[in-house]
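*Asks:* Protein chains in written order, with the working numbering: chain A, 2 to 238; chain B, 2 to 238. All residues carry an ideal CB built from backbone N, CA and C; glycine is no exception. Pasting a structure below so you can have a look.
There are 2 protein chains.
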Amino acid sequence: MSGSSSHLRPAGAFTDDERAAVYRAIYTRRDVRSQFTQRPVETEVLLRLLTAAHHAPSVGFMQPWNFVVIRSAAVKTEVQQAFDAANAEAIAMFPDDRKPLYSSLKLQGISDAPVNLCITCDRSRGGPVVLGRTHNRDMDLYSTACAVQNLWLAARAEGLGVGWVSILDDATLRHILRLPQAVVPVAYLCVGYVDALYDIPELELRGWGQRLALDDLVYQDRWPATKPVETPSSRIP
Amino acid sequence: MSGSSSHLRPAGAFTDDERAAVYRAIYTRRDVRSQFTQRPVETEVLLRLLTAAHHAPSVGFMQPWNFVVIRSAAVKTEVQQAFDAANAEAIAMFPDDRKPLYSSLKLQGISDAPVNLCITCDRSRGGPVVLGRTHNRDMDLYSTACAVQNLWLAARAEGLGVGWVSILDDATLRHILRLPQAVVPVAYLCVGYVDALYDIPELELRGWGQRLALDDLVYQDRWPATKPVETPSSRIP
Chain A
2 MSGSSSHLRP
12 AGAFTDDERA
22 AVYRAIYTRR
32 DVRSQFTQRP
42 VETEVLLRLL
52 TAAHHAPSVG
62 FMQPWNFVVI
72 RSAAVKTEVQ
82 QAFDAANAEA
92 IAMFPDDRKP
102 LYSSLKLQGI
112 SDAPVNLCIT
122 CDRSRGGPVV
132 LGRTHNRDMD
142 LYSTACAVQN
152 LWLAARAEGL
162 GVGWVSILDD
172 ATLRHILRLP
182 QAVVPVAYLC
192 VGYVDALYDI
202 PELELRGWGQ
212 RLALDDLVYQ
222 DRWPATKPVE
232 TPSSRIP
Chain B
2 MSGSSSHLRP
12 AGAFTDDERA
22 AVYRAIYTRR
32 DVRSQFTQRP
42 VETEVLLRLL
52 TAAHHAPSVG
62 FMQPWNFVVI
72 RSAAVKTEVQ
82 QAFDAANAEA
92 IAMFPDDRKP
102 LYSSLKLQGI
112 SDAPVNLCIT
122 CDRSRGGPVV
132 LGRTHNRDMD
142 LYSTACAVQN
152 LWLAARAEGL
162 GVGWVSILDD
172 ATLRHILRLP
182 QAVVPVAYLC
192 VGYVDALYDI
202 PELELRGWGQ
212 RLALDDLVYQ
222 DRWPATKPVE
232 TPSSRIP
């Protein structure tokens, strides 16, 4: 234990300025579809983002992620076609009164962004029994999503925007990227420099949804027995 | 569109100091089990953490999360018992040569931490069809994991530590917290002030695993056809 305690470091609160910077990243981060510039993303900067992702928490120190960095126009074109096909299916799923607004939304920046990045989760990594994953098999997927968020916040600090493209058929994306069976494509991201970002989420700006009140989302000690007040989003048809 | 463009704000890179603060949060964040102090967590600080979580990206602006803030000793005791039962099951799953080390690890700080927090995902929020979730039903779970990471980094900046307790039986935890069927307990977190943190992950320090080399995890354009070099964690039995 003396060996361990020599690795303890003082860990108080950040200075006010440091803390403000962390919150600035959290609050000004946006899901970017249209604001990418053509400025190339330097390998050095990209590696800083990937290193930030790699330092996410992972269940049992499993580090289940891989990073497929896509700069190839050919691969981007295949993914774009996969998005177009999936999005056509998606439009059909919405009620008629939502279809015009849905169709007007730009939901990806695949060809606009200099870099596309698929962050995957290798569900076989670490062998059949992973510490902390014995009772919840999805912990590795959650770890990978935490890596996405680390990268997203680091990108904001570096002046890059990130957009998460989720309207993709899983089998098609796996085929394009040649992913092994045990590897799940958790996030397909568009990454590039931005000069400007919206001050509120684009879906809020366009009238698709609104920010829920935090007060309605917080409970004390247990889920309340009475049905909570209906939230605005639950009324969206 | 002119209405939208009025919401665009300049969004360049952070200053060097601001960027360093974001990376400091990312690199010094730890999964805390033993370093919690008994200093009470002020409601105001806790609300800052929850607000940071609430500003995570969410698929279709679904905001699927709720926050069950647990200060009740009775609830903590029930969760502690659930952990003890699950962890006894977990130990039995590991090979004999790993059991002594596993048993020596402290894997939760349920009673040590002044605040426990369950971040949940309401899979029914937003109705049956959610933008961006049409082709991947798990996007709401990933959004919730991003909220966890936002909170974790904000906590680091505030001088608080967070530990994620994943060795819990899902049905037992749902029963204790009285979660409705559609609500998934994504993360059960222990939260409290810390004075010190390890400089490397505790599982690395104790010899359970080691940091993988980032180079081995990054691929260009597609997953390579040849089997990648075996990584240290894949050799753990």
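Quick one: Cα of residue 1(B) to Cα of residue 34(B), how far?
*Replies:* As shown, chain B starts at 2 and ends at 238. That puts residue 1(B) outside it, with no answer to give.
*Asks:* Verify whether the separation of the beta carbon atoms of residue 151(B) and residue 150(A) is less than 8 Å.
*Replies:* Yes. Within cutoff.
*Asks:* Straight-line CA distance for residue 158(A) to residue 226(B)?
*Replies:* About 35 Å.
*Asks:* How far does the alpha helix (DSSP H) with residue 153(B) in it extend, from its first residue to its last?
*Replies:* Element bounds for residue 153(B): 140-159.
*Asks:* Just to confirm, is the Cβ distance from residue 70(A) to residue 47(A) under 8 Å?
*Replies:* Contact flag set, yes.
*Asks:* If you check the beta carbons only, do residue 37(B) and residue 156(B) fall under 8 Å apart?
*Replies:* The answer is no: Cβ separation not under 8 Å.
*Asks:* Alpha carbon to alpha carbon, what distance is there between residue 128(A) and residue 237(B)?
*Replies:* Bear in mind that the predicted position of residue 237(B) carries a pLDDT of just 40, short of 50, making it unreliable; the figure below should be weighed with that in mind. The alpha-carbon atoms of residue 237(B) and residue 128(A) are separated by roughly 7 Å.
*Asks:* Give me the subset of the region 54-67 of chain B whose CB atoms are less than 8 Å from a CB atom of chain A, sorted by chain position.
*Replies:* Taking 8 Å as the Cβ-Cβ cut-off against chain A, the residues of the region 54-67 of chain B that qualify are 55, 56, 57, 58, 60, 61, 62, 63, 64, 66 and 67.
*Asks:* Using a C-beta to C-beta distance shorter than 7 Å, which residues of chain A count as neighbours of residue 219(B)?
*Replies:* The answer, in chain order, is 51, 68 and 70.
*Asks:* Taking contact to mean at least 3 C-beta pairs separated by less than 8 Å, is the region 81-94 of chain B in contact with the region 164-173 of chain B?
*Replies:* The region 81-94 of chain B, when compared against the region 164-173 of chain B, does touch it at the 8 Å Cβ threshold.
*Asks:* Report the rounded CA-to-CA distance for residue 67(B) versus residue 78(A), giving the unit in angstroms.
*Replies:* Roughly 38 Å separates the two Cα atoms.
*Asks:* Near residue 112(A), which residues of its chain fall below 7 Å by C-beta distance, leaving aside the five closest residues on each side in sequence?
*Replies:* Contacts found: 77 and 81.
*Asks:* Could you tell me which of 75(A), 63(A) and 26(A) sits nearest to residue 239(B), measuring between CA atoms?
*Replies:* Any answer about residue 239(B) is impossible in this case: the structure gives chain B only from 2 up to 238.
*Asks:* Where does residue 40(A) land, buried or exposed, given buried means 16+ other C-beta within 10 angstroms?
*Replies:* Its Cβ having fewer than 16 others within 10 Å, residue 40(A) is exposed.
*Asks:* Is the CB of residue 182(A) under 8 Å away from at least one CB in chain B?
*Replies:* No, its Cβ sits nowhere closer than 8 Å to a Cβ of chain B.
*Asks:* For residue 192(B), return the contacting residues in chain A, with the cut-off set at a CB-CB distance below 7 Å.
*Replies:* Within 7 Å Cβ-Cβ: nothing; residue 192(B) doesn't reach chain A, min ~14 Å.
*Asks:* Around the Cβ of residue 134(B), are there at least 16 other Cβ atoms within 10 angstroms (buried) or fewer (exposed)?
*Replies:* By the 10 Å Cβ count, residue 134(B) comes out buried.
*Asks:* Is there contact here, the region 190-199 of chain B with the region 25-34 of chain A, by at least three beta-carbon pairs under 8 Å?
*Replies:* Flag = no, the region 190-199 of chain B and the region 25-34 of chain A do not touch.
*Asks:* Counting only the same chain and skipping the five closest in sequence on each side, list residues whose C-beta sits under 8 Å from that of residue 9(B).
*Replies:* Answer for residue 9(B): no residue qualifies.
*Asks:* I need the DSSP call for residue 186(B), collapsed to helix, strand or coil.
*Replies:* Three-state result, residue 186(B): strand.
*Asks:* When you compare only the Cα positions, how much space is there between residue 20(B) and residue 7(A)?
*Replies:* Near 28 Å, if we compare the C-alpha coordinates of residue 7(A) and residue 20(B).
*Asks:* Starting from the beta carbon of residue 167(B), find every residue of chain A whose beta carbon is closer than 8 Å, and list them in chain order.
*Replies:* The contacting residues are 60, 133, 134, 136, 137 and 140.
*Asks:* Kindly list, in the order they appear in chain B, the residues whose Cβ is closer than 7 Å to that of residue 95(A).
*Replies:* Near residue 95(A) (Cβ distances below 7 Å), the residues of chain B are 130.
*Asks:* So, does the CB of residue 82(A) fall closer than 8 Å to a CB anywhere in chain B?
*Replies:* False, the Cβ-Cβ gap to chain B never drops below 8 Å.
*Asks:* My parser needs the beta strand (DSSP E) runs of 3 or more residues fully inside the region 33-83 of chain B; what are they?
*Replies:* Whole beta strand (DSSP E) segments, 3+ residues: 66-71.
*Asks:* Flag residue 222(B) as yes if its beta-carbon sits less than 8 Å from any beta-carbon of chain A, otherwise no.
*Replies:* With 8 Å as the cut-off, residue 222(B) counts as an interface residue toward chain A.
*Asks:* Here's the rule: buried if 16 or more other CB atoms are within 10 angstroms of the residue's CB, otherwise exposed. What is residue 98(B)?
*Replies:* Per the 10 Å Cβ criterion, exposed.
*Asks:* How close, in whole Å, do the beta carbons of residue 178(A) and residue 223(B) come, if the pair is a contact with beta carbons under 8 Å?
*Replies:* So it is a contact: roughly 5 Å between Cβ atoms.
*Asks:* Check residue 207(B) in the structure and name its three-state DSSP category.
*Replies:* Reduced to three states, the DSSP call for residue 207(B) is coil.
*Asks:* Against chain A, with Cβ distances strictly below 8 Å, would residue 110(B) count as a contact?
*Replies:* No, its Cβ sits nowhere closer than 8 Å to a Cβ of chain A.
*Asks:* According to DSSP, is residue 11(A) helix, strand or coil?
*Replies:* DSSP places residue 11(A) in strand when its eight states are reduced to three.
*Asks:* When you compare only the Cα positions, how much space is there between residue 130(A) and residue 22(A)?
*Replies:* Those two C-alpha atoms are separated by around 39 Å.
*Asks:* From residue 110(A) to residue 30(A), what does the alpha carbon distance come to, in whole angstroms?
*Replies:* Taking the straight line from one Cα to the other gives about 16 Å.
*Asks:* What is the rounded straight-line gap between the Cα of residue 123(B) and the Cα of residue 184(B)?
*Replies:* About 4 Å.
*Asks:* Please confirm if residue 122(B) has its CB atom under 8 Å from at least one CB of chain A.
*Replies:* No, residue 122(B) does not count as interfacial toward chain A.
*Asks:* Is the distance from the Cβ of residue 144(B) to the Cβ of residue 219(B) below 8 Å?
*Replies:* No. Outside cutoff.
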